[in-house]
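Enquirer: The structure follows.
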Amino acid sequence: MNPFKGRHFQRDIILWAVRWYCKYGISYRELQEMLAERGVNVDHSTIYRWVQRYAPEMEKRLRWYWRNPSDLCPWHMDETYVKVNGRWAYLYRAVDSRGRTVDFYLSSRRNSKAAYRFLGKILNNVKKWQIPRFINTDKAPAYGRALALLKREGRCPSDVEHRQIKYRNNVIECDHGKLKRIIGAPALMADALTPHEEAVLSNISFMEAVHARSYSSIFSTLCHIRYLFSAGLSGMLLITAALLFRMLGVWMSTLGTDLSRKERLFCMIAYLPKATVQAAIGAIPLAMGLGSGETILAVAVLAIILTAPLGALGIELSYKRLLQKQQS
Numbered sequence: 001m002n003p004f005k006g007r008h009f010q011r012d013i014i015l016w017a018v019r020w021y022c023k024y025g026i027s028y029r030e031l032q033e034m035l036a037e038r039g040v041n042v043d044h045s046t047i048y049r050w051v052q053r054y055a056p057e058m059e060k061r062l063r064w065y066w067r068n069p070s071d072l073c074p075w076h077m078d079e080t081y082v083k084v085n086g087r088w089a090y091l092y093r094a095v096d097s098r099g100r101t102v103d104f105y106l107s108s109r110r111n112s113k114a115a116y117r118f119l120g121k122i123l124n125n126v127k128k129w130q131i132p133r134f135i136n137t138d139k140a141p142a143y144g145r146a147l148a149l150l151k152r153e154g155r156c157p158s159d160v161e162h163r164q165i166k167y168r169n170n171v172i173e174c175d176h177g178k179l180k181r182i183i184g185a186p187a188l189m190a191d192a193l194t195p196h197e198e199a200v201l202s203n204i205s206f207m208e209a210v211h212a213r214s215y216s217s218i219f220s221t222l223c224h225i226r227y228l229f230s231a232g233l234s235g236m237l238l239i240t241a242a243l244l245f246r247m248l249g250v251w252m253s254t255l256g257t258d259l260s261r262k263e264r265l266f267c268m269i270a271y272l273p274k275a276t277v278q279a280a281i282g283a284i285p286l287a288m289g290l291g292s293g294e295t296i297l298a299v300a301v302l303a304i305i306l307t308a309p310l311g312a313l314g315i316e317l318s319y320k321r322l323l324q325k326q327q328s
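Here is the structure:
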């Protein structure tokens, strides 16, 4: 279904307006002037309806490509004071160490209950393997009490370490000012955020992170040793089954040739250390944004680590026995 069906303006113009509004923190009237300079005559109220309609969908679709944080990226949490419809409120935010927004929560109070709701919201929206080993906050005691309560309830893993070291939280402390400059102009908040307005604010945070060039590249992805262990026995069995299937394929491809049985056996052993397939398989799920991408990548790395020395050792021990010199 085409979400732009029936719209007077073209799709690209609508997406430009929504993206500029969420990325640069300009007002609807300023955006109206910018579009008018480019020959697009549209009223600011129409732009408002575009943002309310398409910002949630844009945030949803972009989030699919946004790699979720892992334990390689500790979370940094803090709250800041923002004005909501003339009243001051607390905006709780969480980012990873690369500046990517994890989640946010708007509260009229700054206490343990608000911190508990904020942390609970994050834990409900992420998978268990996405929860980091470290959570960095300031010295506010509310975070410690909220984390302790979530651990007792079993919603937060017990091995998550809460660090309250001031300099470790500079990532989010420096990020507050940039976000405030962006959300200062848009009047998108009310006494209570509607789902559309919450998605708009989330999209603003998302666009700000993209503007900061914090997208993680597949080529810079790191595989933590934790995921190698999490793959466990199932990963080993999967690697063994794949190797047997590969050896069977090599054996079948040599049928009908002049190779002897020993020479075909040597071809099967020599093909073990080939790592191209494992590397490709490990990158595909991450590029697709699958939640199991880290584990699949760990299995692929584990396959490379195991098959390379085993294949080299097998070649060294077998070539003298399996290969015979041609008699001239």
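So in the UniProt record's numbering, spot 310 of the sequence shown is number 310, and the numbers just go up one at a time.
Glycine included, every Cβ here is placed at the ideal spot set by N, Cα and C.
Predicted model only: the values in this text are computed from it and were never measured.
1. Do you know offhand how far Leu62's Cα is from Leu313's?
2. Which residue or residues does DSSP assign as beta-bridge partners of Ala94?
3. Determine the closest residue to His8 out of Ser27, Asp43, Leu147, Glu37, with distance taken between C-alpha atoms.
4. In this structure, does DSSP put Ala140 in helix, strand or coil?
5. Cβ of Arg93 within 8 angstroms of Cβ of Asn136?
6. Please look up how many angstroms separate the CB atoms of Ala89 and Ser112, rounded, as I've assumed it's under 8 angstroms.
7. Would DSSP call Ile135 helix, strand or coil?
8. In terms of residue numbering, what span does the beta strand (DSSP E) encompassing Glu161 cover?
9. Can you give the Cα-Cα distance for Asp175 and Leu119, rounded to whole angstroms?
10. Inspect the beta-carbon positions of Tyr24 and Tyr48 and report whether they are closer than 8 angstroms.
11. By the 10 Å Cβ neighbour count, where 16 or more other Cβ atoms means buried, how is Asp159 classified, buried or exposed?
12. Measuring CB to CB, does Val51 end up less than 8 angstroms from Tyr21?
13. Start and end of the alpha helix (DSSP H) containing Asp43?
14. Taking the CB atoms as reference points, tell me whether residue 329 and Ala115 lie closer together than 8 angstroms.
15. Are there 16 or more other CB atoms within 10 angstroms of the CB of Pro309, so buried, or fewer, so exposed?
16. May I have the straight-line CA-CA distance separating Thr101 from Val95, to the nearest angstrom?
17. If you draw a straight line from the alpha carbon of Leu149 to that of His162, how long is it in whole angstroms?
18. Among Leu259, Ala241, Val18, which residue has its Cα nearest to the Cα of Pro56?
19. Here's the rule: buried if 16 or more other CB atoms are within 10 angstroms of the residue's CB, otherwise exposed. What is Asp12?
20. Tell me whether Val51 sits in a helix, a strand or coil according to DSSP, three-state version.
21. List the whole-angstrom C-beta distance separating Leu322 from Leu255, where the pair is believed to meet the contact cut-off of C-beta under 8 angstroms.
22. Would you report the Cα separation of Glu173 and Ser45, rounded to the nearest angstrom?
23. On the three-state DSSP scale, how would you describe Arg155?
24. Where DSSP assigns a beta bridge to Ala89, which residues make up the other side?
25. Nearest to Pro74 by alpha carbon, out of Pro132, Ile14, Ser260?
Expert: Let's see:
1. 46 angstroms
2. Answer is Met77, Asp103, bridged to Ala94.
3. Asp43 is the residue among Ser27, Asp43, Leu147, Glu37 whose C-alpha sits nearest the C-alpha of His8.
4. In the structure shown, Ala140 sits in coil (DSSP, three-state: anything other than H, G, I, E or B).
5. no
6. No, Ala89 and Ser112 are not in contact; Cβ-Cβ is about 17 angstroms, not under 8 angstroms.
7. strand
8. Residues 161-163.
9. 19 angstroms
10. no
11. exposed
12. Cβ distance < 8 angstroms, so Val51 and Tyr21 count as in contact.
13. Unbroken run through Asp43: none, as it is neither H nor E.
14. Residue numbering for the chain in the displayed model covers 1 to 328; residue 329 lies beyond these limits and cannot be assessed.
15. exposed
16. 4 angstroms
17. 13 angstroms
18. Val18
19. exposed
20. Correct three-state label for Val51: helix.
21. Contact doesn't hold; Cβ gap of about 17 angstroms is too wide.
22. Using only the alpha carbons, I get a separation of about 34 angstroms.
23. coil
24. Val82
25. Pro132
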